[in-house]
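To get our numbering, take the position in the sequence shown, counting from 1, and add 189.
The beta-carbon is built from N, C-alpha and C at its ideal position, and this holds for glycine as well.
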Amino acid sequence: KLDWVFVLINDYNARNFRIIAAKGLAFADEAESSSKDHVIVPRTDPFIQSYQMRTIQYSPQQSIAIRLNKGEEHEMVYASLVLPLKFKERLNGWIVLGPRLEKDYYNQYDLEILQFLTDQASVAVENAISFERLRQQQKRLQETNNQVHNRSLFLYRRMLRVVMVLVCLNNYFLNTLKRGLYQTPTIC
């Protein structure tokens with residue numbers, strides 16, 4: 190059992206890491222109910238800077254300090270284990286585990302199971318990111334398609350007007366030639 194746990198995901202639009210799920214962490218639990226203030230860890234945070242390219246982070250002797258920000262408020266938490274959510278070379282986030290309640294350490298079996306689960310979660314997060322990117326691209330393509338359609342419709346209507354004017358001019362000149370140059374022509 191754990192005191193708390195949370196998942197940090199790279200928010201590519203906001204250029205920081207945001208908590209998307211938390212359990213037992215009051216500071217983050219309050220933010221989930223009101224989505225206007227997300228709990229984030231900025232890219233400039235020492236935790237992010239020092240752990241960006243490493244693999245599983247575990248030090249039974251010391252905890253890992255992480256500063257959580259929510260608007261102007263902040264809270265410092267001390268993790269006992271940090272599991273990176275990496276896909277190939279891209280870091281998409283972390284699973285951060287707080288202190289254990291039953292014992293002070295993670296044995297080798299615990300670490301292997303957690304690494305397996307983290308690998309699966311990494312693939313799931315990457316799939317979700319890819320799906321969201323495809324959804325956004327589809328939306329942009331649909332908007333572009335609508336713009337092209339609207340522009341084509343506009344040009345088609347303009348072309349019809351030009352054709353109607355040309356037909357009228359053609360009729361005028363044909364009528365003029367039939368009646369002679371000095372007779373009163375009829376237009377369309």
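Residue 303 places its beta carbon less than 9 Å from that of residue 295.
The three-state secondary structure of residue 200, taken from DSSP, is strand. Taking C-beta atoms as the reference points, residue 311 and residue 276 count as a pair closer than 9 Å. Pairing residue 207 with residue 198 gives a Cβ-Cβ distance under 9 Å.
Pairing residue 252 with residue 267 gives a Cβ-Cβ distance under 9 Å. For residue 321, the enclosing alpha helix (DSSP H) stretches over residues 297-368. With 16 or more other CB atoms across the displayed protein chains lying within 10 angstroms of its CB, residue 211 is buried.
Of the residues assessed, residue 319 falls on the exposed side of the cut-off, its CB having fewer than 16 other CB atoms within 10 angstroms. The three-state reading of DSSP puts residue 273 in strand, counting E and B together. Counting along the chain, residue 267 sits inside the beta strand (DSSP E) bounded by residues 262-268. Distance from residue 194 to residue 285 at the Cβ level is roughly 7 Å; contact confirmed, criterion being Cβ atoms closer than 8 Å.
Exclusion of the five residues before and after residue 196 leaves 209, 210, 284 as the residues of its chain whose Cβ lies within less than 6 Å of its Cβ. DSSP places residue 231 within a strand segment (E or B) once states are collapsed to three.
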